[in-house]
Amino acid sequence: MARKPIIAGNWKLNCLKAEAEALAKGLVETVGTKSDVDVVLCPTFTSLDTVAKAICGTKIAMGAQDCYWQEKGAFTGEIAPSMLVDAGCKFCIIGHSERRQYFGETNETINKKAQALYAAGLTPIICVGETLQEREEGNMEKVITTQVRGCLAGLEAAKVAESVIAYEPVWAIGTGKTATKEQAQEVHALIRKTVADMFGDATAQAVRIQYGGSVKPDNAAELMAQPDIDGALVGGAALKADSFTAIINF
Ligand code: PEP
49 MARKPIIAGN WKLNCLKAEA EALAKGLVET VGTKSDVDVV LCPTFTSLDT VAKAICGTKI
109 AMGAQDCYWQ EKGAFTGEIA PSMLVDAGCK FCIIGHSERR QYFGETNETI NKKAQALYAA
169 GLTPIICVGE TLQEREEGNM EKVITTQVRG CLAGLEAAKV AESVIAYEPV WAIGTGKTAT
229 KEQAQEVHAL IRKTVADMFG DATAQAVRIQ YGGSVKPDNA AELMAQPDID GALVGGAALK
289 ADSFTAIINF
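Here the working numbering = 1-based position in the sequence shown + 48.
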């Protein structure tokens with residue numbers, strides 16, 4: 049089954065509204081009508097409205113960088129999936145390694161967030177990835193399968209099929225060190241096999257798996273050419289319209 053590539057820009061804690069608007073407008077000019085790749089911009093919560101207006105009427109979609117799993121109530125500081133829909137989001141990143149590392153995100157909370165996103169009609173971008181120590185100690189396979197199984201436990205196969213999983217080796221995020229295409233393909237195949245073991249082949253063949261970790265214009269094409277790599281989650285290189293455009297046009 050041909051899977052349409054999906055390339056998302058994770059803007060992290062960057063861009064005031066004016067900068068977010070300029071970046072989004074720049075991308076509208078370069079890739080606003082692109083239809084062979086799904087393009088997603090993930091600004092901060094405070095720039096969602098600005099970016100939604102900038103991309104209105106184009107092929108570019110918007111995502112958030114996190115959410116909470118409750119719809120309303122006494123949860124100071126949190127954002128509900130329905131609020132993200134209200135702001136114009138179609139996607140939401142969950143389980144990014146920075147959230148796992150600094151904000152106590154676990155496979156269990158990611159699982160709850162995925163269910164809440166499905167209920168609101170949003171598509172989760174579910175991040176998994178091993179640390180350098182885990183890889184060097186020979187535990188990559190165990191870590192990745194545990195994360196995939198934990199994040200996807202009990203979810204509906206049809207929803208998983210429409211979801212996006214991002215493989216982001218923690219040692220490659222923001223470090224300039226990219227996994228080789230062989231290393232990335234090996235883990236993507238492992239993730240797809242784990243999804244197949246949990247939900248069957250049809251679901252595994254449908255789910256899109258992005259690679260993330262120092263993706264740049266000069267390594268995007270070789271990564272994207274791997275059979276189980278269906279796109280990219282891009283941090284640093286997504287903050288400039290020219291480099292993100294070059295990645296999208298891989
Ligand atoms: C990310 O944080 O999702 C990421 C992949 O960052 P970078 O591209 O900067 O490594």
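Cβ atoms here follow ideal geometry from the backbone N, Cα and C, with glycine treated the same way.
As the structure is a prediction and not an experimental result, all values here were calculated from the model.
Could you please give the first and the last residue of the uninterrupted alpha helix (DSSP H) stretch that includes residue i?
i      : result
Ala232 : Lys229 to Phe247
Phe123 : Taken as a continuous stretch (DSSP letters only), Phe123 belongs to no alpha helix (DSSP H), as it is neither H nor E.
Phe292 : Ala289 to Ile296
I need the straight-line Cα distance from residue i to residue j, nearest angstrom please.
i      : j      : result
Asp245 : Leu203 : 14 Å
Leu180 : Thr154 : 19 Å
Leu71  : Lys288 : 7 Å
Ile158 : Asp84  : 29 Å
Ile296 : Glu77  : 13 Å
Glu69  : Glu234 : 38 Å
Gly143 : Ala128 : 16 Å
Could you tell me if residue i is buried or exposed, where buried requires 16 or more neighbouring beta carbons within 10 angstroms of its beta carbon?
i      : result
Glu119 : exposed
Ala269 : exposed
Thr242 : buried
Phe247 : buried
Ala206 : exposed
Pro275 : exposed
Tyr150 : exposed
Between residue i and residue j, how many whole angstroms is the CB-CB distance? I'm expecting something under 8 Å.
i      : j      : result
Ala20  : Val88  : With the chain covering 49 to 298 only, the question about residue 20 has no answer from this structure.
Ser211 : Cys175 : Not confirmed; about 12 Å, so no contact.
Leu132 : Glu189 : The pair is not a contact, with the Cβ atoms about 33 Å apart (cut-off 8 Å).
Thr293 : Val99  : Between Val99 and Thr293 the Cβ distance is about 16 Å, and since that is not below 8 Å, they are no contact.
Mind checking which residues open and close the beta strand (DSSP E) that includes residue i?
i      : result
Ile174 : Thr171 to Val176
Asn58  : Ile54 to Asn58
Could you check whether the Cβ of residue i sits closer than 8 Å to any Cβ belonging to chain C?
i      : result
Arg183 : Going by chain labels, chain C is absent from the structure shown, which holds only one protein chain.
So does the segment 251 to 270 actually touch the segment 221 to 229, counting three or more Cβ pairs closer than 8 Å? yes
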